[in-house]
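Quick note on numbering: full-length UniProt numbering labels position 34 of the sequence shown as 34, and the sequence is numbered without any gaps. Beta carbons are placed, not taken as given, at the ideal position from N, Cα and C, and that holds for glycine. Scroll down for the structure; my scribbles are underneath it.
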Amino acid sequence: MDWTDLQHFLALAREGTLSAAARSLDVDHVTVARRVAALEASLSLKLVDRRPRSYELTEDGKHIAKIGTPMTDTAFAVERAVQASKSGIGGDITISAPPSLANILIAPKLIRLRQQHPGVRIKLIGEKRTASLNRREADLALRLSRPTEPGLIARKIGYFEFALYGSPDYLKTTPPHAFAFVAYDSSMDEAPQQRWLMRFAASREIVLRTNDLENQAAAARTGMGLAALPKFLGEADSLLERHDIGGRPVGREVWLVVHRDLRRTPTIRAVAGFIEDCLA
(Lines of atoms letter the chains of each structure in order from A and count residues from 1; the text may use other names and numbers.)
(Lines give C-alpha, C1' and ligand atoms only; values in the text may rest on other atoms or scores of the structure.)
Protein backbone atom coordinates (compact mmCIF):
# COMPACT_ATOMS: atom_id res chain seq x y z
CA MET A 1 0.00 0.00 0.00
CA ASP A 2 1.25 3.45 -0.94
CA TRP A 3 0.87 5.94 1.94
CA THR A 4 0.28 8.77 -0.55
CA ASP A 5 -2.69 6.86 -2.00
CA LEU A 6 -4.12 6.46 1.50
CA GLN A 7 -3.50 10.15 2.21
CA HIS A 8 -5.60 11.13 -0.81
CA PHE A 9 -8.38 8.72 0.16
CA LEU A 10 -8.47 10.09 3.72
CA ALA A 11 -8.70 13.63 2.36
CA LEU A 12 -11.69 12.56 0.25
CA ALA A 13 -13.31 10.88 3.26
CA ARG A 14 -12.73 13.98 5.38
CA GLU A 15 -13.75 16.65 2.86
CA GLY A 16 -16.62 14.80 1.19
CA THR A 17 -15.93 15.75 -2.44
CA LEU A 18 -13.10 15.34 -4.93
CA SER A 19 -12.75 19.10 -5.43
CA ALA A 20 -12.59 19.85 -1.70
CA ALA A 21 -10.09 17.05 -1.14
CA ALA A 22 -7.98 18.37 -4.00
CA ARG A 23 -7.96 21.87 -2.51
CA SER A 24 -6.89 20.56 0.87
CA LEU A 25 -3.96 18.68 -0.73
CA ASP A 26 -3.12 21.39 -3.28
CA VAL A 27 -3.58 19.03 -6.22
CA ASP A 28 -6.24 18.65 -8.92
CA HIS A 29 -9.33 16.47 -8.55
CA VAL A 30 -8.10 14.04 -11.22
CA THR A 31 -5.09 13.23 -9.02
CA VAL A 32 -7.35 12.49 -6.06
CA ALA A 33 -9.55 10.18 -8.15
CA ARG A 34 -6.49 8.38 -9.55
CA ARG A 35 -4.91 7.90 -6.13
CA VAL A 36 -8.13 6.56 -4.63
CA ALA A 37 -8.46 4.08 -7.50
CA ALA A 38 -4.83 3.00 -6.96
CA LEU A 39 -5.50 2.41 -3.26
CA GLU A 40 -8.55 0.29 -4.07
CA ALA A 41 -6.47 -1.77 -6.51
CA SER A 42 -3.67 -2.31 -4.01
CA LEU A 43 -6.11 -3.39 -1.29
CA SER A 44 -8.44 -5.32 -3.62
CA LEU A 45 -11.26 -3.49 -1.82
CA LYS A 46 -13.96 -1.13 -3.05
CA LEU A 47 -13.79 2.01 -0.91
CA VAL A 48 -16.13 4.38 -2.79
CA ASP A 49 -19.28 4.20 -4.86
CA ARG A 50 -18.75 6.41 -7.90
CA ARG A 51 -21.94 8.28 -8.72
CA PRO A 52 -22.50 10.83 -11.54
CA ARG A 53 -21.95 13.85 -9.29
CA SER A 54 -20.44 12.49 -6.12
CA TYR A 55 -18.34 9.83 -4.44
CA GLU A 56 -19.91 7.96 -1.52
CA LEU A 57 -17.88 5.84 0.88
CA THR A 58 -18.74 2.17 1.06
CA GLU A 59 -18.94 0.50 4.45
CA ASP A 60 -15.40 -0.76 3.92
CA GLY A 61 -14.38 2.77 2.96
CA LYS A 62 -15.85 4.19 6.16
CA HIS A 63 -14.01 1.55 8.19
CA ILE A 64 -10.66 2.27 6.50
CA ALA A 65 -11.18 6.02 6.92
CA LYS A 66 -11.85 5.60 10.65
CA ILE A 67 -8.70 3.53 11.11
CA GLY A 68 -6.53 5.74 8.91
CA THR A 69 -7.51 9.16 10.30
CA PRO A 70 -5.17 8.95 13.34
CA MET A 71 -2.31 8.24 10.92
CA THR A 72 -3.00 11.54 9.19
CA ASP A 73 -3.15 13.37 12.52
CA THR A 74 0.19 11.85 13.49
CA ALA A 75 1.77 12.84 10.18
CA PHE A 76 0.67 16.45 10.64
CA ALA A 77 2.00 16.42 14.20
CA VAL A 78 5.38 15.23 12.89
CA GLU A 79 5.40 18.06 10.32
CA ARG A 80 4.64 20.60 13.03
CA ALA A 81 7.40 19.16 15.24
CA VAL A 82 9.91 19.48 12.40
CA GLN A 83 8.89 23.07 11.73
CA ALA A 84 8.98 23.96 15.44
CA SER A 85 12.54 22.63 15.75
CA LYS A 86 13.95 25.05 13.18
CA SER A 87 15.95 27.97 14.46
CA GLY A 88 16.33 31.27 12.66
CA ILE A 89 13.77 33.11 10.56
CA GLY A 90 13.05 31.80 7.08
CA GLY A 91 11.14 29.29 4.99
CA ASP A 92 7.59 28.96 3.74
CA ILE A 93 4.66 30.28 5.78
CA THR A 94 1.01 30.10 4.75
CA ILE A 95 -1.41 32.76 5.98
CA SER A 96 -5.18 32.30 5.67
CA ALA A 97 -7.41 35.36 6.02
CA PRO A 98 -10.81 36.65 4.90
CA PRO A 99 -10.39 38.08 1.37
CA SER A 100 -10.96 41.72 2.34
CA LEU A 101 -8.36 41.56 5.12
CA ALA A 102 -5.87 39.72 2.91
CA ASN A 103 -6.31 42.04 -0.08
CA ILE A 104 -6.52 45.42 1.65
CA LEU A 105 -4.68 45.18 4.95
CA ILE A 106 -1.99 42.53 4.42
CA ALA A 107 -0.99 42.19 0.76
CA PRO A 108 -0.05 45.86 0.20
CA LYS A 109 2.34 45.71 3.19
CA LEU A 110 4.11 42.44 2.42
CA ILE A 111 7.09 44.36 1.05
CA ARG A 112 7.88 45.40 4.63
CA LEU A 113 8.11 41.77 5.71
CA ARG A 114 10.24 40.99 2.68
CA GLN A 115 12.64 43.81 3.52
CA GLN A 116 12.90 42.80 7.17
CA HIS A 117 13.07 39.02 6.67
CA PRO A 118 14.10 38.24 3.08
CA GLY A 119 14.33 34.52 3.85
CA VAL A 120 10.60 34.22 4.57
CA ARG A 121 8.38 33.13 1.67
CA ILE A 122 4.67 33.89 2.17
CA LYS A 123 1.67 32.10 0.72
CA LEU A 124 -1.29 34.40 1.34
CA ILE A 125 -4.72 32.80 0.86
CA GLY A 126 -7.77 35.05 0.89
CA GLU A 127 -10.65 32.68 1.60
CA LYS A 128 -14.06 32.66 3.21
CA ARG A 129 -13.79 29.12 4.53
CA THR A 130 -12.00 28.25 7.76
CA ALA A 131 -8.59 26.77 6.99
CA SER A 132 -7.48 23.93 9.26
CA LEU A 133 -4.29 24.67 11.18
CA ASN A 134 -4.36 21.14 12.60
CA ARG A 135 -4.06 19.78 9.05
CA ARG A 136 -1.41 22.35 8.04
CA GLU A 137 -3.67 24.07 5.52
CA ALA A 138 -2.26 27.26 7.03
CA ASP A 139 0.37 28.16 9.60
CA LEU A 140 -1.31 31.38 10.72
CA ALA A 141 -4.92 32.43 10.26
CA LEU A 142 -7.05 35.50 10.77
CA ARG A 143 -10.59 34.76 11.88
CA LEU A 144 -13.57 36.92 12.72
CA SER A 145 -14.56 34.82 15.73
CA ARG A 146 -12.59 33.00 18.40
CA PRO A 147 -11.82 29.43 17.32
CA THR A 148 -12.95 26.43 19.34
CA GLU A 149 -10.84 23.69 17.72
CA PRO A 150 -8.48 21.88 20.09
CA GLY A 151 -4.78 22.64 19.84
CA LEU A 152 -5.15 26.24 18.68
CA ILE A 153 -3.96 29.44 20.36
CA ALA A 154 -5.88 32.62 19.53
CA ARG A 155 -5.28 36.26 20.37
CA LYS A 156 -7.57 39.17 19.55
CA ILE A 157 -5.54 41.67 17.55
CA GLY A 158 -8.11 43.99 16.05
CA TYR A 159 -11.65 45.21 15.61
CA PHE A 160 -13.31 46.92 12.67
CA GLU A 161 -16.70 48.51 12.13
CA PHE A 162 -19.15 48.45 9.25
CA ALA A 163 -21.09 51.33 7.74
CA LEU A 164 -23.47 51.82 4.82
CA TYR A 165 -21.89 53.05 1.59
CA GLY A 166 -23.23 54.11 -1.78
CA SER A 167 -22.16 56.27 -4.69
CA PRO A 168 -22.31 60.03 -4.00
CA ASP A 169 -24.78 60.56 -6.86
CA TYR A 170 -27.05 57.80 -5.56
CA LEU A 171 -27.12 59.24 -2.05
CA LYS A 172 -27.74 62.74 -3.42
CA THR A 173 -30.62 61.82 -5.71
CA THR A 174 -32.35 58.99 -3.82
CA PRO A 175 -34.62 59.71 -0.85
CA PRO A 176 -34.12 57.34 2.13
CA HIS A 177 -37.53 55.68 1.70
CA ALA A 178 -36.46 54.62 -1.83
CA PHE A 179 -33.07 53.20 -0.89
CA ALA A 180 -32.23 49.79 -2.33
CA PHE A 181 -29.60 47.51 -0.82
CA VAL A 182 -26.80 45.15 -1.74
CA ALA A 183 -26.45 42.24 0.69
CA TYR A 184 -24.69 38.94 1.27
CA ASP A 185 -26.34 35.76 0.02
CA SER A 186 -28.14 33.41 2.40
CA SER A 187 -24.90 31.70 3.44
CA MET A 188 -24.09 34.82 5.49
CA ASP A 189 -27.53 35.41 7.02
CA GLU A 190 -26.19 34.87 10.55
CA ALA A 191 -23.28 37.31 10.18
CA PRO A 192 -23.72 40.39 12.43
CA GLN A 193 -23.27 42.84 9.56
CA GLN A 194 -25.90 41.04 7.48
CA ARG A 195 -28.44 41.07 10.30
CA TRP A 196 -27.70 44.78 10.89
CA LEU A 197 -28.22 45.61 7.22
CA MET A 198 -31.44 43.62 6.98
CA ARG A 199 -32.89 45.33 10.04
CA PHE A 200 -32.21 48.74 8.53
CA ALA A 201 -33.44 47.76 5.07
CA ALA A 202 -36.72 46.44 6.54
CA SER A 203 -39.16 46.10 3.64
CA ARG A 204 -37.05 47.98 1.11
CA GLU A 205 -35.66 46.14 -1.90
CA ILE A 206 -32.54 43.96 -1.90
CA VAL A 207 -31.34 44.37 -5.48
CA LEU A 208 -28.28 42.14 -5.30
CA ARG A 209 -27.07 39.29 -3.12
CA THR A 210 -23.48 38.09 -3.36
CA ASN A 211 -21.07 36.37 -1.00
CA ASP A 212 -18.17 38.50 -2.28
CA LEU A 213 -17.48 41.79 -0.51
CA GLU A 214 -15.71 43.34 -3.50
CA ASN A 215 -18.76 42.58 -5.65
CA GLN A 216 -20.89 44.43 -3.12
CA ALA A 217 -18.56 47.42 -3.20
CA ALA A 218 -18.51 47.40 -7.02
CA ALA A 219 -22.31 47.38 -7.16
CA ALA A 220 -22.52 50.23 -4.65
CA ARG A 221 -20.06 52.29 -6.71
CA THR A 222 -22.32 52.05 -9.76
CA GLY A 223 -25.38 53.30 -7.88
CA MET A 224 -27.27 50.02 -7.48
CA GLY A 225 -27.88 50.66 -3.80
CA LEU A 226 -26.26 50.77 -0.36
CA ALA A 227 -23.92 48.07 0.91
CA ALA A 228 -22.68 47.32 4.43
CA LEU A 229 -18.92 47.49 4.03
CA PRO A 230 -15.99 47.56 6.46
CA LYS A 231 -14.91 51.11 7.09
CA PHE A 232 -11.33 50.24 6.14
CA LEU A 233 -12.68 49.47 2.67
CA GLY A 234 -15.34 52.13 2.28
CA GLU A 235 -13.45 55.12 3.68
CA ALA A 236 -10.51 54.57 1.33
CA ASP A 237 -12.69 54.44 -1.81
CA SER A 238 -13.21 57.81 -3.50
CA LEU A 239 -16.19 56.43 -5.42
CA LEU A 240 -18.10 55.61 -2.24
CA GLU A 241 -19.70 57.83 0.36
CA ARG A 242 -20.80 56.81 3.84
CA HIS A 243 -24.45 57.12 4.83
CA ASP A 244 -24.66 57.51 8.60
CA ILE A 245 -27.75 56.08 10.25
CA GLY A 246 -26.92 56.82 13.89
CA GLY A 247 -26.91 54.31 16.70
CA ARG A 248 -24.17 51.91 17.63
CA PRO A 249 -22.31 50.57 14.58
CA VAL A 250 -21.86 46.85 14.07
CA GLY A 251 -18.31 45.49 14.16
CA ARG A 252 -16.24 42.32 14.06
CA GLU A 253 -13.30 41.17 16.13
CA VAL A 254 -10.17 39.89 14.42
CA TRP A 255 -8.37 36.92 15.97
CA LEU A 256 -4.87 35.75 15.08
CA VAL A 257 -4.71 31.97 15.33
CA VAL A 258 -1.72 29.60 15.45
CA HIS A 259 -1.29 25.96 16.43
CA ARG A 260 0.16 25.64 19.92
CA ASP A 261 2.99 23.44 18.58
CA LEU A 262 4.27 26.36 16.48
CA ARG A 263 3.60 29.39 18.65
CA ARG A 264 7.24 29.76 19.75
CA THR A 265 8.82 29.15 16.34
CA PRO A 266 10.94 32.20 15.40
CA THR A 267 9.50 32.46 11.89
CA ILE A 268 5.92 32.17 13.12
CA ARG A 269 6.54 34.81 15.78
CA ALA A 270 8.06 37.18 13.21
CA VAL A 271 5.19 36.80 10.74
CA ALA A 272 2.58 37.04 13.52
CA GLY A 273 4.15 40.31 14.63
CA PHE A 274 3.99 41.59 11.06
CA ILE A 275 0.29 40.69 10.81
CA GLU A 276 -0.44 42.50 14.06
CA ASP A 277 1.27 45.59 12.71
CA CYS A 278 -0.88 45.39 9.55
CA LEU A 279 -4.04 45.58 11.66
CA ALA A 280 -2.77 48.11 14.19
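Less than 8 Å between C-beta atoms, sequence neighbours within five positions excluded: which residues of the same chain meet that for residue i?
i: residue 1; result: 39, 42 and 43
i: residue 223; result: 166, 167, 169 and 170
i: residue 66; result: none
Leaving out five residues before and five after residue i in sequence, what residues of the same chain have Cβ atoms less than 7 Å from its Cβ?
i: residue 279; result: 105, 157, 158 and 254
i: residue 284; result: Examination of residue 284 is not possible in this model, given that the chain is present from 1 through 280 alone.
i: residue 262; result: 80, 83, 84, 139 and 268
i: residue 107; result: 124
i: residue 103; result: 126
i: residue 4; result: 35
What do you reckon, are the CB atoms on residue i and residue j nearer than 7 Å?
i: residue 84; j: residue 265; result: yes
i: residue 211; j: residue 189; result: no
i: residue 68; j: residue 10; result: yes
i: residue 270; j: residue 64; result: no
i: residue 165; j: residue 240; result: yes
i: residue 256; j: residue 228; result: no
i: residue 167; j: residue 221; result: yes
i: residue 141; j: residue 131; result: yes
i: residue 285; j: residue 57; result: Residue 285 is absent from the model: the chain starts at 1 and stops at 280.
i: residue 91; j: residue 259; result: no
i: residue 111; j: residue 93; result: no
i: residue 21; j: residue 30; result: no
i: residue 45; j: residue 28; result: no
What does DSSP give as the partner residue(s) for residue i in the beta ladder?
i: residue 42; result: None, per the DSSP bridge assignment.
i: residue 29; result: In DSSP, residue 29 forms no bridge with anything.
i: residue 91; result: 120
i: residue 162; result: 230
i: residue 36; result: According to DSSP, residue 36 bridges with nothing at all.
i: residue 149; result: None, per the DSSP bridge assignment.
i: residue 206; result: 181
i: residue 126; result: 97
i: residue 154; result: 257
i: residue 143; result: 255
Just reading off the beta strand (DSSP E) that residue i is part of, what are its end residues?
i: residue 184; result: Where residue 184 is concerned, there is no enclosing beta strand (DSSP E), given that its DSSP letter is neither H nor E.
i: residue 251; result: 251-259
i: residue 328; result: No information on residue 328 is available, as it lies outside the stretch 1 to 280 that the chain covers here.
i: residue 49; result: 48-51
Along the chain, where does the alpha helix (DSSP H) that runs through residue i open and close?
i: residue 266; result: 266-278
i: residue 15; result: 3-15
i: residue 59; result: 59-84
i: residue 197; result: 192-201
i: residue 237; result: Note, residue 237: premise wrong, no alpha helix (DSSP H); not H, not E.
i: residue 139; result: Run containing residue 139: none; DSSP gives neither H nor E here.
i: residue 105; result: That residue, residue 105, is in no alpha helix (DSSP H); it is neither H nor E in DSSP.
i: residue 169; result: 168-173
Near residue i, what residues of its chain come up, given a Cβ to Cβ distance below 6 Å and the 5 sequence neighbours on each side ignored?
i: residue 225; result: 180, 181, 182 and 207
i: residue 274; result: 113
i: residue 109; result: 278
i: residue 72; result: 10
i: residue 177; result: none
i: residue 76; result: 135 and 136
i: residue 194; result: 184 and 188
i: residue 205; result: 180
Specify whether the segment 95-104 and the segment 121-141 touch according to this definition: at least 3 beta carbon pairs, one from each stretch, less than 8 Å apart. Yes: at least three Cβ pairs fall under 8 Å.
Between the segment 213-223 and the segment 135-146, do at least 3 Cβ pairs fall closer than 8 Å? No, the segment 213-223 does not touch the segment 135-146.
With a threshold of 8 Å, are at least 3 pairs of Cβ atoms found where one atom belongs to the segment 222-232 and the other to the segment 160-176? Result yes; three or more Cβ-Cβ pairs closer than 8 Å.
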